[in-house]
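Engineer: One structure is given below, represented as structure tokens, and several questions about it will come after.
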Amino acid sequence: MPNKVTYFAYGSNMVTKRLQEPNRAPSAKPLGRAKLPDKRFVCNKKGRDYSGKANLVVDTGHIVWGVLYEIDSADLNNLNRYEGDYKIKEMIVIDDQATQVKAYTYISEKLTEDPRAYECYKKIVIKGAREHNLPDDYIKNDLETIKTKLGPN
Numbered sequence: 383m384p385n386k387v388t389y390f391a392y393g394s395n396m397v398t399k400r401l402q403e404p405n406r407a408p409s410a411k412p413l414g415r416a417k418l419p420d421k422r423f424v425c426n427k428k429g430r431d432y433s434g435k436a437n438l439v440v441d442t443g444h445i446v447w448g449v450l451y452e453i454d455s456a457d458l459n460n461l462n463r464y465e466g467d468y469k470i471k472e473m474i475v476i477d478d479q480a481t482q483v484k485a486y487t488y489i490s491e492k493l494t495e496d497p498r499a500y501e502c503y504k505k506i507v508i509k510g511a512r513e514h515n516l517p518d519d520y521i522k523n524d525l526e527t528i529k530t531k532l533g534p535n
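This is the structure in structure tokens:
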């Protein structure tokens with residue numbers, strides 16, 4: 383594995399400071415936004431706190447926006463441990479220069495029957511989207527419409 387890898391964040395890890403926490407990927411360096419075609423953002427991953435967490439499902443014609451980061455390979459190992467119920471996948475994303483980029487991302491098959499996020503989680507995802515200037519229509523139509531339930535503040 384090379385010393386550096388490209389990671390595509392589409393959920394709470396879009397918040398740079400959150401991703402750079404010591405137990406995740408402190409080496410993370412944002413490279414810019416990117417899109418993943420034929421996928422849709424959902425919160426159907428079963429979280430350890432019994433809420434829905436970010437996940438991807440196939441949806442032809444739809445797009446998921448996110449953030450590309452360069453991270454050290456060692457940090458990818460840390461992130462793999464932290465993101466335990468996700469499986470790492472290599473995907474082709476498209477950056478703002480319309481270049482196809484190979485990037486790692488996380489998808490989970492451990493699904494919840496109650497696909498609602500906590501409001502605080504939804505706010506973190508939207509904060510990351512705004513931090514990296516994801517398209518307003520994506521934030522409005524895909525992220526602000528995330529179904530939520532009451533949870534910890």
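Numbering (the working numbering), first residue to last: 383 to 535.
Heads up, the beta-carbon is just placed ideally off N, CA and C, and yes, glycines get one too.
Check each candidate in Val475, Gln479, Asp524, Tyr464 and name the one with the smallest Cα separation from arginine 406.
Structural biologist: Taking the first residue of the sequence shown as 1, we reach residue 406 at position 24. Relative to arginine 406, the option among Val475, Gln479, Asp524, Tyr464 whose CA is nearest is Tyr464.
Engineer: Throw me the rounded Cβ distance for the phenylalanine 390 and leucine 458 pair, which I believe falls under 8 Å.
Structural biologist: Counting from one through the sequence shown, the residue named residue 390 turns up at place 8. Counting from one through the sequence shown, the residue named residue 458 turns up at place 76. Between phenylalanine 390 and leucine 458, the beta carbon gap of about 12 Å keeps them out of contact (Cβ cut-off 8 Å).
Engineer: Restricting to runs no shorter than 4 residues, where is the alpha helix (DSSP H) found entirely within the region 433 to 476?
Structural biologist: 455 to 464
Engineer: Straight-line CA distance for isoleucine 508 to isoleucine 528?
Structural biologist: Taking the first residue of the sequence shown as position 1, residue 508 is located at position 126. Taking the first residue of the sequence shown as position 1, residue 528 is located at position 146. Whole-angstrom Cα-Cα distance: 10 Å.
Engineer: Please tell me whether tyrosine 488 and cysteine 425 are closer than 9 Å, where the distance is taken between their beta carbons.
Structural biologist: Translated into positions along the sequence shown, residue 488 becomes position 106. Translated into positions along the sequence shown, residue 425 becomes position 43. No. Outside cutoff.
Engineer: What separation, rounded to the nearest whole angstrom, lies between the Cα atoms of tyrosine 332 and glycine 434?
Structural biologist: Since the first and last residues shown for the chain are 383 and 535, residue 332 lies out of range.
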